[in-house]
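Asks:
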Amino acid sequence: MSSAVLTRELDAHSGYIAALGALGLDVVTMPVTHTEPPRDPLALPRALEHGGHAAIVIVSARGAAALAQARAHVTTLPEVFAVGPATHRALAAAGITAQHPPDAIDGASLAQAMIASRELAGRRVLVPRAEDGRDDVITVLRSAGIEVVDVIAYRTVPTAADDPVIAEGAQLLSTGTAAVCAVFAPSQVAALAALLGPLAAVRVPFVAIGDTTAAVLREAGVANIAVAASPTPEGLANAVASVYTHRP
Numbered sequence: 111m112s113s114a115v116l117t118r119e120l121d122a123h124s125g126y127i128a129a130l131g132a133l134g135l136d137v138v139t140m141p142v143t144h145t146e147p148p149r150d151p152l153a154l155p156r157a158l159e160h161g162g163h164a165a166i167v168i169v170s171a172r173g174a175a176a177l178a179q180a181r182a183h184v185t186t187l188p189e190v191f192a193v194g195p196a197t198h199r200a201l202a203a204a205g206i207t208a209q210h211p212p213d214a215i216d217g218a219s220l221a222q223a224m225i226a227s228r229e230l231a232g233r234r235v236l237v238p239r240a241e242d243g244r245d246d247v248i249t250v251l252r253s254a255g256i257e258v259v260d261v262i263a264y265r266t267v268p269t270a271a272d273d274p275v276i277a278e279g280a281q282l283l284s285t286g287t288a289a290v291c292a293v294f295a296p297s298q299v300a301a302l303a304a305l306l307g308p309l310a311a312v313r314v315p316f317v318a319i320g321d322t323t324a325a326v327l328r329e330a331g332v333a334n335i336a337v338a339a340s341p342t343p344e345g346l347a348n349a350v351a352s353v354y355t356h357r358p
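Numbering (our numbering), first residue to last: 111 to 358.
1) Work out the CA separation of valine 137 and glycine 205 for me, nearest whole Å.
2) Report the residue from Pro238, Ala330, Thr285, Ala288 whose alpha carbon sits nearest the alpha carbon of arginine 172.
3) How big is the Cα-Cα spacing for valine 184 and glutamine 281?
4) Of the residues Ala289, Thr285, Val275, Ile335, which one's Cα is nearest the Cα of valine 299?
5) Per DSSP, arginine 239 forms a beta bridge with which residues?
6) Thinking C-alpha only, which one of Val332, Asp321, Gly161, Leu283 is nearest methionine 140?
7) Aspartate 121 by DSSP, collapsed to three states: which one?
8) Scan the segment 153–177 and note each continuous alpha helix (DSSP H) run of 4 residues or more that stays entirely inside, going in chain order.
9) Quick check: the Cα distance between threonine 287 and alanine 221, rounded to an integer number of angstroms?
10) Please work out which residues of its chain come closer than 6 Å, Cβ to Cβ, to valine 261, disregarding the five sequence neighbours upstream and downstream, and give them in chain order.
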């Protein structure tokens, strides 16, 4: 069976294994990054305790986990907004109700949806995010006159080259024997390049989970990228099907 290398960990309920398996692909996980606590672990709890936020924006499942842990410091949360179904599911699993506009596929589009549906100008919005994470959502919110409380909630750290969790995926990509490589976040692009060298030299089709990740792949020299129409297992599988023709 041909292999699809996914540059992230998968949980048992993610759906990616089944969606790609239907195309005749064996999923090989290659988590090129992992999450570590922030340098200041009390930054998010302090921000929540301070209060006064009109909303909270969560842009990743890891951000959802950080909010779930920090919420023990307060009795209630303001309205929460989530980017993508995976983030929405992670919040729901933690018992946190979140708004998930269907057209909000990245931080910038979520911020635009918030601005269109809420009176937020002059109010404070809390954005827990990764250290060195992209600031698209912050830029859009601030441009609308919103006071953004930017808090580092976790760190995304590259996986070491000698870590066995990436060995199989690295071998498949470096030899060009993988059927496809699916990338799920901009931070994974730099981490993958650090492990493999210039990505333009990797002889494997690339698929990006969304436009933001695709743009970073192009900046890294990857010319032809299939982009998932939605950040879901089905969306990714459809994008993979456009570049992988050997069906079961």
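Don't be surprised by glycine CBs; every beta carbon is placed ideally from N, CA and C.
As the structure is a prediction and not an experimental result, all values here were calculated from the model.
Replies: To lay it out plainly:
1) Sequence index remark: in the sequence shown, residue 205 carries index 95 (1-based). Sequence index remark: in the sequence shown, residue 137 carries index 27 (1-based). Answer to the nearest angstrom: the Cα atoms are 30 Å apart.
2) For the purposes of this step, residue 172 is identified with residue 62 of the sequence shown, where counting begins at 1. Ranking the options by Cα distance to arginine 172, first place goes to Pro238.
3) Working through the sequence shown from its first residue, we reach residue 184 at position 74. Working through the sequence shown from its first residue, we reach residue 281 at position 171. Cα to Cα, the separation comes out at about 47 Å.
4) The residue labelled residue 299 in the question sits at position 189 within the sequence shown. Minimum Cα distance to valine 299 is reached at Ile335.
5) For the purposes of this step, residue 239 is identified with residue 129 of the sequence shown, where counting begins at 1. Paired residue(s): Ile262.
6) Within the sequence shown, residue 140 is the residue found at index 30, counting from 1. Considering only alpha carbons, the answer is Leu283.
7) Locating residue 121 in the sequence shown gives position 11, counting from the first residue. Looking at aspartate 121 - three-state DSSP - the assignment turns out to be coil, as it is neither helix nor strand.
8) 153–160
9) To locate residue 287, count along the sequence shown from 1; it is residue 177. To locate residue 221, count along the sequence shown from 1; it is residue 111. A straight line joining the alpha-carbon of threonine 287 with that of alanine 221 spans about 40 Å.
10) To locate residue 261, count along the sequence shown from 1; it is residue 151. If we look at valine 261 and ignore the five residues flanking it on each side, its Cβ neighbours are Ala153, Leu154, Ala157, Pro238.
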